[in-house]
Amino acid sequence: MTDTTRGTGRHGSRNRRAQPLNLDRRIVACALVLGCLAGPAWAQAPAGCPVSSTHVTAFQPLEHSRAAVQRGRLTVLAVGSSSIEGVGASSPQRGFVPLLEAGLERRLPGIEVTVINRGIGGETTRDTEGRIPLQTSLTVPDVVVWQWGTNDVLRDRPTGDVVADFRRGADWLDRAGVDVLLIDPQRLPEDTDNPGFKGRNPSLAAMARTIADEARTRGYAVLARHAAMADWGALPGGGVGPDDLQLNDDGYACWAENTAEGLATALR
6 MTDTTRGTGR
16 HGSRNRRAQP
26 LNLDRRIVAC
36 ALVLGCLAGP
46 AWAQAPAGCP
56 VSSTHVTAFQ
66 PLEHSRAAVQ
76 RGRLTVLAVG
86 SSSIEGVGAS
96 SPQRGFVPLL
106 EAGLERRLPG
116 IEVTVINRGI
126 GGETTRDTEG
136 RIPLQTSLTV
146 PDVVVWQWGT
156 NDVLRDRPTG
166 DVVADFRRGA
176 DWLDRAGVDV
186 LLIDPQRLPE
196 DTDNPGFKGR
206 NPSLAAMART
216 IADEARTRGY
226 AVLARHAAMA
236 DWGALPGGGV
246 GPDDLQLNDD
256 GYACWAENTA
266 EGLATALR
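For what it's worth, our numbering labels the leading residue of the sequence shown as 6, then goes sequentially.
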């Protein structure tokens, strides 16, 4: 009798302790799920970043991507050079592509969004154009985000050659039947000491206007990144890292948020 009573007491004590433990586990599990749903803490606009859908202009409705959203699944292929690859970010998850994916998921609730990174640092428009057929065939995207023009300007390539390279890639994309969002060049710090970058912003702005003209002709969408960066003065370094070329974490976050805001608005 005595042994049975002590045994029951021990079991009772264990049961009383187990209940709070199970509750703690449920709370932790719930917190983890909510954290996953909320996305990374940095997947939003940093302080000092003005976010507006007006930076994205869609010259024709993005019908293919809208249909994909209606089906509940959107696939984006991002191509271009180092800013697509994410060079300069403190970690891969703080680059443009992961933050764009997070930003689109927040703005398109219930939609499975996948953004595929196929950026390669140092590429010119010719380099990217040469990869577009293979990458488009492999990934089967609904929309292609194509960043181009910066390296072409910095290497003093003739604008006519750059446009010819772009048009070859655009012809392929048109045949593939995908939507396209063009990203124009970044803005460089005016006070840079780098002789290769100093005084380049007028040429980069001219390339941005050329890209807008090509987007209008093709019926693509375009993000005016060069113009948007003029309002990033409150960001550290104006959103540009210490090398005066690659974006920093705040620059990537601000760019991704503006892209997500404009693209999601065009898709609604």
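Backbone N, C-alpha and C fix where the C-beta goes; we use that ideal spot for every residue, glycine too.
{"query": "Neighbourhood of residue 52 by C-beta, 8 Å cutoff - its chain only, sequence neighbours within 5 removed", "result": "239"}
{"query": "For residue 183, the nearest candidate out of 189, 249, 173 and 145 (CA to CA)", "result": "145"}
{"query": "C-alpha distance - residue 115 paired with residue 76, whole-angstrom precision", "result": "10 Å"}
{"query": "Reduced DSSP category for residue 90 - H, G, I as helix; E, B as strand; rest coil", "result": "helix"}
{"query": "Supposed close pair residue 189, residue 131 - CB separation, criterion 8 Å", "result": "That pair is no contact at about 17 Å."}
{"query": "Per-residue burial, residue 264 [other beta carbons within 10 Å of its own, 16 or more giving buried]", "result": "buried"}
{"query": "Of the residues 259, 272 and 273, the one placed nearest residue 57, counting alpha carbons only", "result": "259"}
{"query": "Short Cβ contact (8 Å threshold) for residue 229 with residue 213", "result": "yes"}
{"query": "Distance CB(residue 167)-CB(residue 157) smaller than 8 Å", "result": "yes"}
{"query": "Reference residue 208, options 117, 163 and 221, closest by Cα", "result": "163"}
{"query": "Closest by C-alpha distance to residue 219, when choosing among 237, 202, 173 and 241", "result": "173"}
{"query": "Where the alpha helix (DSSP H) containing residue 266 begins and where it ends", "result": "254-272"}
{"query": "Start and end residues, alpha helix (DSSP H) containing residue 100", "result": "No alpha helix (DSSP H) holds residue 100; DSSP gives it neither H nor E."}
{"query": "Stretch-stretch touch, CB-based, cutoff 8 Å, three pairs: the region 128-142 with the region 103-117", "result": "no"}
{"query": "Endpoints, alpha helix (DSSP H) assigned at residue 85", "result": "Counting along the chain, residue 85 falls outside any alpha helix (DSSP H), though it belongs to the beta strand (DSSP E) covering 78-85."}
{"query": "Expected contact under 8 Å - CB spacing of residue 95 and residue 254 to nearest Å", "result": "5 Å"}
{"query": "Contact check, residue 118 vs residue 83, beta carbons under 8 Å", "result": "no"}
{"query": "Coarse secondary structure for residue 160, derived from DSSP in three states", "result": "coil"}
{"query": "Identified DSSP bridge partners for residue 122", "result": "83"}
{"query": "Pairwise C-alpha distance: residue 269 and residue 103", "result": "16 Å"}
{"query": "Where residue 106 sits in the DSSP three-state scheme", "result": "helix"}
{"query": "Between the CA atoms of residue 223 and residue 273 - distance to the nearest angstrom", "result": "21 Å"}
{"query": "Sequence-distant residues of the same chain with beta carbon closer than 6 Å to residue 211, five excluded per side", "result": "none"}
{"query": "Residue 59 burial status per 10 Å Cβ neighbour count (16 or more: buried)", "result": "exposed"}
{"query": "Span separating the alpha-carbon of residue 55 from that of residue 181", "result": "35 Å"}
{"query": "Local Cβ density within 10 Å of residue 192, reported as buried at 16 or more and exposed below that", "result": "buried"}
{"query": "Which of helix, strand or coil DSSP assigns to residue 148", "result": "strand"}
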